[in-house]
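S.K.:
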Amino acid sequence: LSGLSAGGVFALVPLYVSEISDAKIRGSLSSLFLLSINAGTLLMFIAGTNVSYSLVSKLMLCVPIIFAMTFLFFPETPYYLLKCNKHKKAENALKFLRGCENFNETPEKVKKELLNIAKKVEEDGSSKKISIIDALSKF
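Residues in the sequence shown are numbered from 79 upward in steps of one, following the numbering used here.
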């Protein structure tokens, strides 16, 4: 179960970060992900030597609970929303992720980025779909 969860985290978090982050800081945020994994491991080793096993488990259970409660308020990624033809929700999500204070107006930068994401969605949708067997048969 732990390995499956870790595999999901290492696949989904970079994907989510790449879809919501500005191109200028995408690399830094991806590095921060790996740094936080290592910092969490170090924290567990330090906590494990200073407190009881059951207390460490209880304390560290708070981290995913707090994460789940706060992450519920984040919008879906603009890429996903555009893929589902929810253009207004995608625009609002991008405004939220870029820290726009006035949701009644759309800054030019957000409009431009939304167009770029829409082009990417269109390109990905028009690409030829192949099966896993076809992909592996080329090796």
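Think of the CB as a built atom: it goes at the ideal place given N, C-alpha and C, for glycine as much as any other residue.
Do you know whose CA, among 142, 130, 175, 169, lies nearest residue 94's CA?
M.R.: 175
S.K.: Inspect the CB distances between the segment 186-196 and the segment 156-170 and report whether three or more fall short of 8 Å.
M.R.: yes
S.K.: Please name the residue, chosen from 101, 111, 105, that lies closest to residue 89 on a Cα-to-Cα basis.
M.R.: Across the set 101, 111, 105, the C-alpha of 111 shows the shortest separation from the C-alpha of residue 89.
S.K.: Buried or exposed, going by whether 16 or more other CB atoms sit within 10 Å of the CB of residue 124?
M.R.: exposed
S.K.: Should residue 214 be labelled buried (16 or more other beta-carbon atoms within 10 Å of its own) or exposed?
M.R.: exposed
S.K.: Could you tell me which of 191, 199, 82 sits nearest to residue 101, measuring between CA atoms?
M.R.: 191
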